[in-house]
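Colleague: Residue numbers for the sequence shown follow numbering that gives the first Met the number 0, so the first one is 0 and each next one is one higher. All C-beta atoms in this analysis are idealised placements derived from N, C-alpha and C, irrespective of residue type, glycine included. Quick caveat, the model's predicted, so the values are computed rather than measured.
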Amino acid sequence: MAADRRFREVQRYADVHGFFAGFPNFHEADYGDGVVYGTILLRDTEAEWRDVPRSEYQIFHIEDVPGLFRAANDYAGRQGYPAAFPNCEQADHGQGVVYGTILMKPGSTEWRDVPRAELGNPQIDDVPAMMRAANDYSSREGFAAGFPTFHQADYGQGVVYGIVLLKPGVSTWRDVPADLLAKYSAPPRRWAILLCNLNDRPPAATSRDRYVQFFTESGAGTAFDYWNDMSYGTEGLRETGVFGFFQIPHSTAELLAITGSAQRQQAFNWGLEAARNANVRLNDFEHKIVLLNGGGNDHGAVGGGVTFVYADQTALEPTFMFHEMGHEFGLDHSFGEQAIPCAGGDARPGAYCDRSDIMSAMNVASFQDALNRRSGPSLSAISRKRLGWLHRSRIRSLAPTGPAEVFNLAALNRPDVEGYQMVEFVGTSRVNANAMSVYTVEFREQTGWDQGLNSSAVILHEIRSDGLVRLLTNNPLGTIGAGGEFVSPSPSIVIRVESIDATSHTAQLRVWRLPASGTRNVRIFTILFDPRGPEPQGEFVLIQNDRAGAVNLTGWSLSDAAQHVYTFPLFTLPAGGTVKVWTGTGTNDAENLYWGRRQAVWNNTGDIGILRDVAGTEISRFAYTA
Ligand SMILES: [Zn+2]
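1. For Glu253, which residues in the same chain have their Cβ closer than 7 angstroms to its Cβ, ignoring the five residues on either side in sequence?
2. Hey, is His286 close to ligand 1, as in C-beta under 7 angstroms from one of its heavy atoms?
3. Select from Pro52, Gly93, Pro147 and Thr108 the residue whose C-alpha is nearest the C-alpha of Thr100.
4. Does DSSP classify Arg280 as helix, strand or coil?
5. Per DSSP, what are the beta-bridge partners of Lys104 in this structure?
6. Sort Phe84, Arg4 and Pro568 by Cα distance to Gly161 and report the nearest one.
7. For Val540, is the classification buried or exposed, using 16 other Cβ atoms within 10 angstroms of its Cβ as the cut-off for buried?
8. Counting only the same chain and skipping the five closest in sequence on each side, list residues whose C-beta sits under 7 angstroms from that of Val630.
9. I'd like to confirm the pairing. Which residues does DSSP put opposite Lys579 in its beta bridges?
10. Say whether the stretch 174-192 touches the stretch 53-61, bearing in mind that this needs 3 or more beta-carbon pairs closer than 8 angstroms, one atom from each stretch.
11. Please state the DSSP three-state secondary structure of Met361.
12. Taking the Cβ atom as the reference point for each residue, do Ala128 and Gln122 lie within a distance shorter than 8 angstroms?
13. Could you name the residues of the same chain whose beta carbon sits closer than 7 angstroms to that of Gln445, not counting the 5 residues immediately before and after it, in chain order?
14. Mind checking who Asp14 pairs with in its DSSP beta bridge?
15. At a threshold of 7 angstroms, does His326 count as lining ligand 1 (C-beta to nearest heavy atom)?
16. Compute the distance between the beta-carbons of Gly66 and Thr38, then report whether it is under 8 angstroms.
17. Relative to the alpha-carbon of Asp91, which residue among Arg263, Asp50, Ala434 and Pro105 has its alpha-carbon at the smallest distance?
18. Quick one: give me the first and last residue of the alpha helix (DSSP H) that Glu234 is part of.
19. Would you call Ser498 buried or exposed, if buried means 16 or more other Cβ atoms sit within 10 Å of its Cβ?
20. Check whether the Cβ of His298 sits closer than 7 angstroms to any heavy atom of ligand 1, and report yes or no.
21. Is the stretch 103-114 in contact with the stretch 162-169, if contact means three or more CB pairs nearer than 8 angstroms?
22. What did DSSP end up calling Arg672 once you bin it into helix, strand or coil?
23. Restricting to runs no shorter than 4 residues, where is the alpha helix (DSSP H) found entirely within the stretch 451-492?
24. Under 7 angstroms Cβ to Cβ from Val425, same chain only, skipping five residues before and after it: list those, please.
25. Reducing DSSP to helix, strand and coil, say where Gln598 ends up.
26. Are Pro81 and Trp110 close, meaning C-beta to C-beta below 8 angstroms?
27. May I ask which residues mark the beginning and end of the alpha helix (DSSP H) holding Gln156?
28. Would you say the beta carbon of His16 is closer than 7 angstroms to some non-hydrogen atom of ligand 3?
29. Would you report the Cα separation of Glu323 and Pro187, rounded to the nearest angstrom?
30. Taking the beta strand (DSSP E) that Pro52 belongs to, which residues open and close that run?
31. Check whether the Cβ of His332 sits closer than 7 angstroms to any heavy atom of ligand 1, and report yes or no.
32. Could you pull the start and end residues of the beta strand (DSSP E) that Phe424 belongs to?
33. What is the DSSP secondary structure of Pro176, counted as helix, strand or coil?
34. Since Glu626 sits in a beta bridge, which residues does DSSP pair it with?
35. CB of Asp322 to nearest heavy atom of ligand 1: below 7 angstroms?
36. In terms of DSSP beta bridges, what is His150 paired with?
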């Protein structure tokens with residue numbers, strides 16, 4: 000792969016993930032979950048972006064990365080900056096080609112001439128080898144990162160290479176999955192917007208402008224921004240073409256003579272024909288929208304694309320348009336558990352009943368945007384996964400066994416916040432005890448495209464064997480706030496929302512499995528009776544609270560078959576909480592209690608642990624044999 004492409008991928012990844020810029024260090028590794036690429040990321044406090052005319056660079060091919068580096072650093076010097084690197088983005092905003100240039104701010108870097116031999120003798124035109132060498136040198140010298148200027152010199156003591164070193168704290172190294180980075184340079188599925196008018200409805204001179212803006216530009220709630228956000232910058236409407244207006248040789252009366260959804264299909268077919276006659280290369284576009292300048296009274300998704308009908312003076316309808324475009328991306332409607340649909344147009348039970356998902360429009364939690372148009376909500380996590388937009392590194396799959404665990408779920412619309420953005424697990428269907436479903440968990444903040452939601456909340460969907468995306472709308476509800484929990488059918492997994500933190504844009508989840516009986520009590524989860532290392536210090540009993548509320552364990556006891564008894568001190572175990580009772584000595588905390596014995600308790604050949612409450616009633620029993 001050409002090196003310049005890797006630089007662009009890193010820049011685009013940085014844009015979406017809360018950084019300002021970055022560059023690849025060309026290290027790669029596989030820690031067991033696929034290849035990751037070493038990526039150096041910067042914030043805007045340390046660097047600034049400038050579009051520099053190609054004439055300043057005097058480099059005429061974006062593939063010439065060494066030339067771009069030399070020119071960027073020469074440019075930085077002329078402008079009073081210590082260093083710069085190219086992000087290998089080129090654009091033409093109407094005044095000639097410009098190259099994206101990341102200028103390092105004064106004080107952030109140090110420049111050195113380093114003997115070529117000390118760098119391992121990389122060839123100066125070998126970009127990956129040079130980047131790795133600069134990075135390795137920076138690590139050895141205690142810097143955060145480094146890049147070569149691709150300048151070389153010989154002052155009489157052998158060849159030296161110019162190396163720019165980023166001071167500690169200036170940059171962040173992140174290992175980014177290679178397949179995620181690749182999405183940022185993969186050719187997107189392209190959309191063609193075909194502007195058409197019936198022969199008695201000529202467009203105004205400015206009609207084209209709002210479509211160019213809505214489909215190809217950022218700002219003011221455009222479709223371009225919506226799909227860019229839903230796809231985390233990987234796809235969306237990049238490389239959309241807007242064509243027309245083209246005049247359709249038919250009149251409004253002719254179109255209106257066709258009724259029902261056949262009308263929108265006819266308008267679509269006429270639009271394609273008009274575009275083809277005007278020599279638009281439709282085969283270059285996977286997705287097509289015919290935008291009719293008024294005249295029809297039915298529009299939406301059709302076979303092969305979408306028809307929209309908006310007269311010059313009619314406002315666009317983002318919620319409706321995003322929904323219909325979602326169909327064209329390949330999405331079905333979303334559902335609830337209701338026996339009847341929540342709106343007309345799709346007779347299947349529960350259709351349009353997921354108010355948090357655009358694929359239930361128009362029965363959704365929308366908002367009025369800055370232009371007073373109905374807009375939002377966003378797209379559910381499972382749909383983003385299905386479209387290849389939510390990367391597996393952001394999805395946590397729960398195993399069917401294991402003790403309780405606590406982790407943060409980043410808001411679905413915040414790829415810049417680290418951590419998982421979706422949890423999924425396989426469990427028994429809520430409608431068929433013999434069928435399995437996939438349950439998904441996501442955290443939606445009441446902001447941005449989701450500002451129409453009632454509140455920030457954790458939202459659960461069930462994907463049954465029919466494959467449909469179904470919001471859980473029967474009790475227990477699939478929309479839960481802080482302190483709420485969801486329990487899947489037996490064998491149950493409990494999803495409990497511990498807290499929602501607006502500052503960090505995360506929801507803290509506690510997740511655990513109930514015993515096969517479904518009983519919700521305190522139980523001995525396991526006994527580690529034969530640990531590695533010394534017995535009394537390594538032995539513990541893991542106790543889990545499966546109840547929906549906290550339990551005061553003060554005065555409870557834990558005993559073995561030989562009547563060794565441990566009495567709990569002042570201690571409360573939260574809902575879903577676990578505590579280890581260690582046989583040996585240590586300092587008690589919220590997750591660890593210490594019996595303080597010098598001899599082991601739990602026999603390696605077999606034993607019985609019994610947990611009793613403060614009244615002496617047996618609560619849980621755990622028997623094992625070697
Ligand atoms: Zn629809």
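Modeller: So, to answer that:
1. none
2. no
3. Pro52
4. coil
5. Lys104 pairs with nothing; no bridge assigned.
6. Phe84
7. buried
8. Residue 630 is absent from the structure shown; the chain starts at 0 and stops at 625.
9. Leu541 and Asn591
10. no
11. coil
12. yes
13. Leu452, Ser454 and Ser455
14. Bridge partners of Asp14: none, in fact.
15. yes
16. no
17. Asp50
18. Glu234 -> no alpha helix (DSSP H), and no H or E assigned at all.
19. exposed
20. no
21. yes
22. Past the boundaries of the shown model lies residue 672; the chain is included only from 0 to 625, so the question cannot be answered.
23. none
24. Met435 and Val437
25. coil
26. yes
27. Run containing Gln156: none; DSSP gives neither H nor E here.
28. This structure does not include ligand 3; its bound ligands are ligand 1.
29. 19 angstroms
30. Ala46 to Pro52
31. yes
32. Met421 to Thr427
33. strand
34. Residue numbering for the chain in the displayed model covers 0 to 625; residue 626 lies beyond these limits and cannot be assessed.
35. A quick correction: the sequence has His, not Asp, at residue 322. It does: the Cβ of His322 is within 7 angstroms (strictly closer) of some heavy atom of ligand 1.
36. Paired residues: none, contrary to the question.
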